[in-house]
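See structure below.
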Amino acid sequence: MPLTRRYRCLDDDGGILFNETTWKTHILTASAAIVYETLVEQGGGDAITMDEATQVLRDALDLDPDTPDIAQLLAMLTTLGVIRR
Amino acid sequence: MSAPSLRVRECDLGEIKQRCRAGQLHIDYGAALVRVRSPLDPFARTLQRTYGAFRLPHSAQTECADYHVEVIRPRGPRAFIRPQSQFRIDGIQPFDPFPLTNALPLFEWGVNWCFGQRANQYILLHAGVLAKGERAIIMAAPPGSGKSTLAAAMMLRGFRLLSDEFGVLRPETGDLVAMLKPVALKNQSVEVIRAFSEEAVIGPLFTGTRKGDVAHLAPDDASADAIHHPARPALVIFPSFEAGAALASHRLPGKDAFAHLAFNSFNYHLLGATGFEAVADVVAACPAYQMRYSDLDAAIRHIEMLLDDAEAVAGAQTTEDDG
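Chains as they are written, first to last, in the numbering used here: chain A, 1 to 85; chain B, 1001 to 1323.
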């Protein structure tokens, strides 16, 4: 079953995301929202691999994917189907 | 168009009692129509005082009530030793009886319970709602923050009261609908509001309830007459009363406002994407502020200013979008 989600960007305040499969709502900080939007754009509507995601973080956003915060965010985005398992 | 019906206070008390006894008293709250049956005459008297501004619905409106409730005196030996009042909906008794003298607070909590449990066609924010014209202010705060006191004071200074307890959001339109009820003032708030305005119509004081001493402020005529006029969300305020504190407010990030509104809602968790979109629309349309206050009039002036600012910003955005 395809994972579906709804996302609303709240200007500079971050974003909110609703997972239609689990009915869980996720609150994204401004920086997490940028990561989310960048990875979704990279996938063009499809999930991307973890390798692609970490590459985008390093190259496009200058972020270290190995920090605990980013690792946690990537895990959440995997659950949400943004990153392929 | 039919002429407006009588207000409850314009009816003879005997008629109100009779309607109560026969189960023919209908109360139109805006978002819900409730049919009430009660053989308790003192209850009918307090109902007439606190619902005085409400208009009795025309008979065509009363054919299909949302909730059929009763406030009765239970039978049995206990009825003679320590008389009680019991709230029932559809024959079910959702909570324990109250002392007979506290039938009105029991009824008020009972109607809140029915609405909070069953009105899932709406998103029910845990918030008071007031309006100036079509512009609504959503005031969300946990119990004890002074939300009801501030809502009462705002009504007495000319705002229209839609509700002091439920922010009733209609997902199809994004409008706020009235769920107009008497404002339950607790403990010191009763005297604060009595001193705040001579216009305040306050029912009897019920002492020693589960929430302390409670008295009900009657909604005014203007609020009752606009009961079926929805309002557009324009401003979100998270008020907190702090004795002696200087007035202060700061803008909340949208994601924090969303979390406060959604996760404290009565039924967000039941409504899935519908609730998400509706609350997100509110947050996108309205600036949100945390506001600390101690003086009611100063708080009201500040809210009026924030409301005007919000309207100016919304107007400027509309102009940009059009351009």
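C-beta atoms are modelled at their ideal positions from N, C-alpha and C, and glycine is treated no differently. Quick caveat, the model's predicted, so the values are computed rather than measured.
Under 9 Å between beta-carbons, which chain A residues line up against residue i? List them in chain order, please.
{"i": "residue 1277 of chain B", "result": "6, 8, 18"}
{"i": "residue 1255 of chain B", "result": "10, 13, 14, 15, 16, 27, 28, 29, 30, 33"}
{"i": "residue 1234 of chain B", "result": "Near residue 1234 of chain B there are no residues of chain A at all, since even the closest Cβ is about 17 Å away, more than 9 Å."}
Taking 7 Å as the threshold (C-beta atoms), are residue j and residue i in contact?
{"i": "residue 1161 of chain B", "j": "residue 1155 of chain B", "result": "yes"}
{"i": "residue 1152 of chain B", "j": "residue 1217 of chain B", "result": "yes"}
{"i": "residue 1123 of chain B", "j": "residue 1278 of chain B", "result": "yes"}
{"i": "residue 1185 of chain B", "j": "residue 1176 of chain B", "result": "no"}
{"i": "residue 1290 of chain B", "j": "residue 1258 of chain B", "result": "no"}
{"i": "residue 1234 of chain B", "j": "residue 1135 of chain B", "result": "yes"}
{"i": "residue 1131 of chain B", "j": "residue 1231 of chain B", "result": "yes"}
{"i": "residue 1038 of chain B", "j": "residue 1071 of chain B", "result": "yes"}
{"i": "residue 13 of chain A", "j": "residue 1315 of chain B", "result": "no"}
{"i": "residue 1210 of chain B", "j": "residue 1248 of chain B", "result": "no"}
{"i": "residue 1266 of chain B", "j": "residue 1023 of chain B", "result": "no"}
{"i": "residue 1179 of chain B", "j": "residue 1067 of chain B", "result": "no"}
{"i": "residue 1224 of chain B", "j": "residue 1054 of chain B", "result": "yes"}
{"i": "residue 1138 of chain B", "j": "residue 1236 of chain B", "result": "yes"}
{"i": "residue 973 of chain B", "j": "residue 1016 of chain B", "result": "This structure cannot settle anything about residue 973 of chain B, because the visible part of chain B is limited to 1001 through 1323."}
{"i": "residue 65 of chain A", "j": "residue 57 of chain A", "result": "yes"}
{"i": "residue 1275 of chain B", "j": "residue 23 of chain A", "result": "no"}
{"i": "residue 1013 of chain B", "j": "residue 1103 of chain B", "result": "no"}
{"i": "residue 1261 of chain B", "j": "residue 1125 of chain B", "result": "yes"}
{"i": "residue 8 of chain A", "j": "residue 1280 of chain B", "result": "yes"}
{"i": "residue 1213 of chain B", "j": "residue 1187 of chain B", "result": "yes"}
{"i": "residue 1167 of chain B", "j": "residue 1129 of chain B", "result": "yes"}
Quick one: what does DSSP say residue i is sitting in, helix, strand or coil?
{"i": "residue 7 of chain A", "result": "strand"}
{"i": "residue 78 of chain A", "result": "helix"}
{"i": "residue 1227 of chain B", "result": "coil"}
{"i": "residue 1136 of chain B", "result": "strand"}
{"i": "residue 1186 of chain B", "result": "strand"}
{"i": "residue 1059 of chain B", "result": "helix"}
{"i": "residue 1181 of chain B", "result": "coil"}
{"i": "residue 954 of chain B", "result": "Because residue 954 of chain B is not part of the residues shown, which for chain B are 1001 to 1323, the question remains open."}
{"i": "residue 1121 of chain B", "result": "coil"}
{"i": "residue 1105 of chain B", "result": "helix"}
{"i": "residue 1002 of chain B", "result": "coil"}
{"i": "residue 1235 of chain B", "result": "strand"}
{"i": "residue 19 of chain A", "result": "strand"}
{"i": "residue 1173 of chain B", "result": "coil"}
{"i": "residue 1142 of chain B", "result": "coil"}
{"i": "residue 1022 of chain B", "result": "helix"}
{"i": "residue 1088 of chain B", "result": "strand"}
{"i": "residue 1128 of chain B", "result": "strand"}
Just checking my contact of residue i with residue j at CB under 8 Å: how many whole Å lie between their CB atoms?
{"i": "residue 1182 of chain B", "j": "residue 1101 of chain B", "result": "Actually they are not in contact, since the Cβ atoms of residue 1182 of chain B and residue 1101 of chain B sit about 17 Å apart, beyond 8 Å."}
{"i": "residue 1005 of chain B", "j": "residue 1056 of chain B", "result": "5 Å"}
{"i": "residue 1241 of chain B", "j": "residue 1145 of chain B", "result": "6 Å"}
{"i": "residue 1099 of chain B", "j": "residue 1074 of chain B", "result": "12 Å between Cβ atoms; not a contact."}
{"i": "residue 83 of chain A", "j": "residue 28 of chain A", "result": "Contact flag wrong, Cβ pair sits at about 15 Å."}
{"i": "residue 162 of chain A", "j": "residue 74 of chain A", "result": "Given that chain A is displayed from residue 1 to residue 85, the structure contains no residue 162 of chain A and the question cannot be resolved."}
{"i": "residue 80 of chain A", "j": "residue 19 of chain A", "result": "6 Å"}
{"i": "residue 1065 of chain B", "j": "residue 1034 of chain B", "result": "6 Å"}
Show which residues of chain A have a CB atom less than 7 Å away from the CB atom of residue i.
{"i": "residue 1283 of chain B", "result": "10"}
{"i": "residue 1280 of chain B", "result": "8, 16"}
{"i": "residue 1080 of chain B", "result": "By Cβ distance, chain A contributes nothing, its closest Cβ being about 51 Å from residue 1080 of chain B, past 7 Å."}
{"i": "residue 1262 of chain B", "result": "25"}
Chain A beta carbons: is any one of them nearer than 7 Å to that of residue i?
{"i": "residue 1272 of chain B", "result": "yes"}
{"i": "residue 1258 of chain B", "result": "yes"}
Using a Cβ-based criterion (distance less than 6 Å to any ligand heavy atom), does residue i qualify as near the ligand MG?
{"i": "residue 1174 of chain B", "result": "With respect to the ligand MG, the structure shown offers nothing to examine, as it has no ligands at all."}
Answer with yes or no whether the minimum CB distance from residue i to chain B is below 7 Å.
{"i": "residue 59 of chain A", "result": "no"}
Step through the CB atoms of chain C and report whether any lies within less than 7 Å of the CB of residue i.
{"i": "residue 11 of chain A", "result": "This model lacks chain C altogether, as its protein chains are A and B."}
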